[in-house]
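First the structure, in the form of structure tokens, and then the observations on it.
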Amino acid sequence: MPLRSGMTEMTLPPGVRSDKLEPLWDRVDSNRIRVAIFSLIFSAVIAFFIALALTVVIVLVGLITSAENVGTRVVEGAIVIGFPVSFLLTLGWVAWRISRSERFLLKRLGARISARGEIADVKAVLKDMSIAAGFACSPQLYIIEVDKVNAFAIGRTHATAALGVTQGFIERLSADEQRAVFANLMARIISLDTLYATAVSALMGPIWAMRDHDLTMNDGDWPDARDPRDVKATGSRTGADAYAAGFVFYGFIVVVTEILSWWHQKSAWLASEKADGEGMLL
């Protein structure tokens, strides 16, 4: 059903294009489709790297042991069988991870649920915006014990949605400022923009944590391909080659995850811009 009429262009704010208008239910369906597509791509990428790693391991074992039975058929079997099996196992892990995404993210953020009677003023502001958004009750409100001013919304559905605020948000913002932030967050929940953000963050969380850990490692923490104690292959290039192959393999993973992170960040920026305008209406 078309949304535009002859009066549409006249009533829109400056800079807003009528061809970008879409029904709310289309936004919700679009977010669900995006999550499904991202999950399939994520599972396929992880399965590919697992199958590739299995193939490399088989080849290296054959080189180290000089095994004659490690041939083309074995390598092809690792790829042909390894990828489908890895894909199905990864897809199962993805479904399990998404089904518990809220608890994973809340734990990672160190958020605690607000107790009964705690921050009553903030809850009253949230209740106002929940009513304006058409919710029968407010989403659960969590607190992060940090001084910075920040807030977030997560949730796969309207029923599982949750909001979080920092201690700085509670202490430094006025009621009107809190209302403006909650309006933005409730707009994201209404359109289920939180579904995509929650699912992607839950899936990418372990990879981001591993990458952040590696970025904070000291030079002495990394294995040295020239050190026989790290390579375990004195007088042979096999250990150094294995280390180099692992480094290249890890580099591919980082590149792919960075591309997925960029896609996620770009979508988050667009969703934030839409939520700003929809929050103003609330």
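Take any residue in the sequence shown, note its place counting from 1, add 891, and you have its number in this note's numbering.
Glycine included, every Cβ here is placed at the ideal spot set by N, Cα and C.
Candidates I932, L997, A1006 and W987: closest to A1188 by CA position: Since the first and last residues shown for the chain are 892 and 1173, residue 1188 lies out of range.
Kindly indicate the opening and closing residues of the alpha helix (DSSP H) around F1060. Residue mapping note: residue 1060 aligns to position 169 of the sequence shown, counting from 1. First-last of the alpha helix (DSSP H) with F1060: Q1058 to R1063.
Going by DSSP, what residues sit across from Y1033 in a beta bridge? The count along the sequence shown starts at 1 and reaches residue 1033 at position 142. Paired residue(s): I1004 and G1055.
Environment of R1079 [buried if 16+ CB atoms lie within 10 Å]: Reading the sequence shown from its first residue, position 188 is the one you call residue 1079. Classification of R1079: buried, given that the 10 Å Cβ count is 16 or more.
Delimiting residues of the alpha helix (DSSP H) encompassing F1073: In the sequence shown, counting from the first residue as 1, residue 1073 sits at position 182. Start and end: A1066 to I1081.
Span of the beta strand (DSSP E) holding I1022? Within the sequence shown, residue 1022 is the residue found at index 131, counting from 1. Segment A1011 to A1023 is the alpha helix (DSSP H) holding I1022; no beta strand (DSSP E) there.
Report the three-state DSSP secondary structure of A927 (helix, strand or coil). Start at 1 with the first residue of the sequence shown, and residue 927 comes out as number 36. A927: helix per DSSP, three-state reduction.
Spatial neighbours of K1039 within its chain, please: CB distance less than 7 Å, with the 5 preceding and 5 following residues excluded, ordered by chain position. Here residue 1039 is taken as the residue at index 148 of the sequence shown, counted from 1. The residues are T1057 and G1059.
Report the CB separation of V985 from F939 in whole angstroms; it is logged as a contact under 8 Å. For the purposes of this step, residue 985 is taken as residue 94 along the sequence shown, with counting starting at 1. For the purposes of this step, residue 939 is taken as residue 48 along the sequence shown, with counting starting at 1. Not really, about 14 Å apart at Cβ, beyond 8 Å.
Proximity to F974 [Cα-Cα], best of N1075, A935 and W916: Here residue 974 refers to the residue found at position 83 when the sequence shown is read from its first residue. If we check each option's Cα against that of F974, A935 comes out closest.
Report all residues from its chain with a CB closer than 7 Å to the CB of D1132; omit the five preceding and five following residues, and keep chain order. Your numbering for residue 1132 matches position 241 in the sequence shown. Per-residue confidence for D1132 stands at a pLDDT of 49, beneath the threshold of 50, marking its modelled position as unreliable; the derived number appears in the next sentence. Nothing listed; no residue qualifies.
Counted within 10 angstroms of its Cβ, other Cβ atoms place D1084 as buried (16 or more) or exposed: For the purposes of this step, residue 1084 is identified with residue 193 of the sequence shown, where counting begins at 1. Flag for D1084 reads buried.
How many Å lie between L1054 and V1013 at the Cα? Residue numbering aside, residue 1054 sits at position 163 when the sequence shown is read from its first letter. Residue numbering aside, residue 1013 sits at position 122 when the sequence shown is read from its first letter. Those two C-alpha atoms are separated by around 12 Å.
Figure out for me which residue from A1024, T1048 and S1065 has the closest Cα to the Cα of N1075. One-based indexing of the sequence shown puts residue 1075 at position 184. Checked all of A1024, T1048 and S1065; the closest Cα to N1075 is A1024.
Suppose you measure from the CA of R925 to the CA of G1046; what does that come to, to the nearest Å? As a first step, residue 925 must be located in the sequence shown, where it is residue number 34. As a first step, residue 1046 must be located in the sequence shown, where it is residue number 155. Whole-angstrom Cα-Cα distance: 15 Å.
Skipping 5 residues on each side, what residues in its chain have a beta carbon closer than 6 Å to that of S1005? As a first step, residue 1005 is located in the sequence shown; it is residue number 114 there, counting from the start. Contacts found: L1032 and I1034.
Could you check the C-alpha separation between F995 and I989 for me, to the nearest Å? Your numbering for residue 995 matches position 104 in the sequence shown. Your numbering for residue 989 matches position 98 in the sequence shown. When rounded, the distance between both Cα atoms is 9 Å.
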